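J.: Here the UniProt record's numbering is used: the first residue of the sequence shown is 1, the next is one more, and so on.
Don't be surprised by glycine CBs; every beta carbon is placed ideally from N, CA and C.
In this text, all values refer to a predicted model and were calculated from it rather than measured experimentally.
Quick one: this structure, given as structure tokens, is what I'll be asking you about.
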Amino acid sequence: MEVESEKPGGSDGKVWNFCRMPFWQTSHNPSSSSITTTSSSSTSYMHNVHHQSQSLHSLDRSTHQSSATVSSVAKSLLPTRRRLRLDPPNKLYFPYEPGKQVRSAITIKNTCKSHVAFKFQTTAPKSCYMRPPGGILSPGESIIATVFKFVEPPENNEKPTDQKSKVKFKIMSLKVQGEMDYVPELFDEQREQVAVEQILRVIFLDPDRPSPAMEKLKRQLAEAEAALEARKKPPEETGPRVAGEGLVIDEWKERRERYLARQQVEGVVDSV
């Protein structure tokens, strides 16, 4: 009987001891674990918020960059609106005369409703030049520009038809506000508004072989020379003549000569 009474007590103590230790541990650990969990969760929340803000900022920046890229690409794909009309439209014809300086001509007309400045550029400035190299055209105004080029002697006895030139010319345009004096610095000051009108290739013609292109070139060169001579003439005087410093107007000179002649005649009569 005693043995049977001790077994339940010993077993109860063992069960109590076994259950009490986990209960004690669970009674003290939740506070610290809850604090740790709360701290870690708040840190994780702040990290997520910061990460999301960075993601939104990077997304906004990438969207802005992509929109700018798309707009620039779209602008480059749009056809450039021409301000000038060129004749010939994309070529410069030169007579093929090796070892000589030859001339070409091109008609430039302003097709805008505003004033337009134009400017020539070439890949061979040492052997080519333009007259005029640039200018300002009023709406509807046209001009014939003359281009000079030195023709290098051929190599390996090349024929004129086989002669190719790597020289190219470029015509640029710029809208300006009304009439003003042309200066090349206009294209540097308003670089964003400058448009490339055309890249001109050089084509050589046989001067001894008649062709429509050669006849047209001769006609344009003659018109350019006539326009240049007209610009050189002084403007006709429509108002009264004004004497310059140190000069005598012809009218006063004639009066003086008549007065001296009359005085000379009267002196001769008196002496007689």
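Just mark residue 257 as buried or exposed, buried being the case when its beta carbon has 16 or more other beta carbons within 10 Å.
T.: Classification of residue 257: exposed, given that the 10 Å Cβ count is below 16.
J.: By DSSP, does residue 95 sit in helix, in strand, or in coil?
T.: Strand at residue 95.
J.: Alpha helix (DSSP H) containing residue 130: first to last residue?
T.: That residue, residue 130, is in no alpha helix (DSSP H); its beta strand (DSSP E) goes 128-131.
J.: Tell me whether residue 197 sits in a helix, a strand or coil according to DSSP, three-state version.
T.: Of the three classes helix, strand and coil, the one that applies to residue 197 here is strand, per DSSP.
J.: Figure out for me which residue from 82, 177 and 91 has the closest Cα to the Cα of residue 114.
T.: For the residues 82, 177 and 91, the minimum Cα distance to residue 114 belongs to 177.
J.: Can residue 169 and residue 96 be called in contact, C-beta distance under 7 Å?
T.: Not closer than 7 Å, so no.
J.: Which of the three DSSP states is assigned to residue 175 in this structure?
T.: Strand, per DSSP.
J.: Count the other CB atoms, across all protein chains shown, that sit within 10 Å of the CB of residue 199; report buried if there are 16 or more and exposed otherwise.
T.: It is exposed - the Cβ of residue 199 has fewer than 16 other Cβ atoms within 10 Å.
J.: Would residue 264 be called buried (16 or more neighbouring beta carbons within 10 Å of its own) or exposed?
T.: Flag for residue 264 reads exposed.
J.: Could you check whether the stretch 138-152 touches the stretch 98-114, counting it as contact only if at least three pairs of C-beta atoms, one from each stretch, sit closer than 8 Å?
T.: Enough Cβ pairs lie closer than 8 Å, so yes.
J.: Mind checking whether the beta-carbon of residue 201 lies closer than 6 Å to any heavy atom of the ligand FMN?
T.: The ligand content of the structure shown is nil, which means the ligand FMN is not present either.
J.: Please name the residue or residues paired with residue 140 in a DSSP beta bridge.
T.: Beta-bridge pairing links residue 140 to no other residue.
J.: How many whole angstroms separate the CB atoms of residue 104 and residue 217, which I take to be in contact at a CB cut-off of 8 Å?
T.: Indeed, because the Cβ distance is near 7 Å, the residues count as touching under 8 Å.
J.: Check residue 12 in the structure and name its three-state DSSP category.
T.: Confidence at residue 12 is low in this model, with a pLDDT of 47, below 50, so its placement is unreliable and the value that follows should be read with caution. If DSSP states are grouped into helix, strand and coil, residue 12 belongs with the helices.
J.: Residues in the same chain with beta-carbon distance under 7 Å from residue 26, minus the five sequence neighbours each way, listed in chain order, please.
T.: Model confidence at residue 26 stands at a pLDDT of 46, short of 50, so the residue's coordinates are unreliable; what they give is reported in the following sentence. Excluding sequence neighbours, residue 26 sits near nothing in its chain.
J.: According to DSSP, is residue 121 part of a helix, a strand, or is it coil?
T.: Note: residue 121 maps to strand in three-state DSSP.
J.: Taking the DSSP output, what are the residues bridged to residue 113?
T.: Answer is none; residue 113 lacks a bridge partner.
J.: Closest by CA to residue 83, which one among 137, 262, 231 and 221?
T.: Among 137, 262, 231 and 221, the Cα nearest to that of residue 83 is on 137.
J.: How long is the line joining the alpha carbons of residue 171 and residue 141, rounded to whole angstroms?
T.: So the two alpha carbons sit approximately 17 Å from each other.
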